[in-house]
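Comments concern the structure below.
In the numbering used here, the protein residues as written are 44 to 308.
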């Protein structure tokens, strides 16, 4: 279902309206054929009506509160899950020096159990560019390029999803920071508006920073460790990165699902 959710930014005196696509799940006992799906719609509508009067602090908290209320609505259920995705725009400086808004995706998940256990995750989906190191090295050899020369290679559009668990009552994870971490892990960021000279600069800079899709995941995980030193070891981290190939019929994909504790080891 799609709903309008108002988010109150803690660092800014403004409310951000998000059109959120939500998936809602509850488990079923063996004795029951189906769930009462109208309850899901009623519940979210009730929460949204309240949300208009009092905006929520963040998307992951909205999901976790909804997941807990789902278990109250469905008294037969022992487990509920919410997945949410919304378009999100962030201020960016274009290579020309002008300011503009670039599109991203906010993603959030929450899982609740009848025992009272709740997990919530916040994340982002970011598009960037990778330049293939493999083809670059092949061309370097067959083209007699020197060690310090910059051979051509093929480019890939990379789509990366980064999610991190947010411990209860912890406000130290911000989606804007996750966007920055993901974007800095590409060979180059991409932009909606580029003139010819700027296009050339983007390609040239990406070729100076060639990366496999695995490198994108590694660099994000390294940045996460530096950024969130105070979060506990059991915090879940999910990174999925896909490079859409330009010279193959297939895409390249890498992921790591881990905890901060495992990464620290």
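For every residue, glycine included, the Cβ atom is placed at its ideal position computed from N, Cα and C.
Residue i: which of the options sits nearest, CA to CA?
i, options, result
"residue 306", "129, 270 and 116", "270"
"residue 49", "87, 98 and 221", "98"
"residue 148", "133, 104 and 233", "133"
"residue 44", "267, 222 and 68", "68"
"residue 64", "74, 236 and 84", "84"
"residue 288", "139, 256 and 191", "256"
"residue 156", "178, 138 and 117", "117"
"residue 172", "59, 292, 246 and 262", "246"
Starting from residue i, trace the beta strand (DSSP E) both ways and give me its first and last residue.
i, result
"residue 282", "279-287"
"residue 123", "122-136"
"residue 104", "Run containing residue 104: none in the beta strand (DSSP E); it sits in the alpha helix (DSSP H), 102-116."
Can you tell me where the alpha helix (DSSP H) holding residue i begins and where it ends?
i, result
"residue 221", "218-227"
"residue 181", "176-185"
"residue 159", "Taken as a continuous stretch (DSSP letters only), residue 159 belongs to no alpha helix (DSSP H), as it is neither H nor E."
"residue 248", "239-250"
"residue 268", "256-270"
Confirm, please, whether the CB-CB distance from residue j to residue i is below 8 Å.
i, j, result
"residue 129", "residue 62", "yes"
"residue 277", "residue 304", "yes"
"residue 285", "residue 198", "no"
"residue 110", "residue 154", "yes"
"residue 254", "residue 195", "no"
"residue 231", "residue 266", "no"
"residue 259", "residue 221", "no"
"residue 51", "residue 100", "yes"
Does any residue of chain C have a CB that is nearer than 8 Å to the CB of residue i?
i, result
"residue 89", "This model lacks chain C altogether; it includes just one protein chain."
Looking at the ligand MN, does it come within less than 7 Å of residue i, judged from the CB to the closest heavy atom?
i, result
"residue 127", "In terms of ligand content, the structure shown is empty, and the ligand MN therefore cannot be addressed."
Would you please state the rounded distance, in angstroms, between the beta carbons of residue i and residue j? I believe it to be under 8 Å.
i, j, result
"residue 204", "residue 150", "7 Å"
"residue 207", "residue 164", "6 Å"
"residue 86", "residue 78", "Residue 86 to residue 78, Cβ: 12 Å. No contact."
"residue 283", "residue 298", "4 Å"
- [ ] Scan the stretch 52-95 and note each continuous beta strand (DSSP E) run of 3 residues or more that stays entirely inside, going in chain order.
- [x] 58-69
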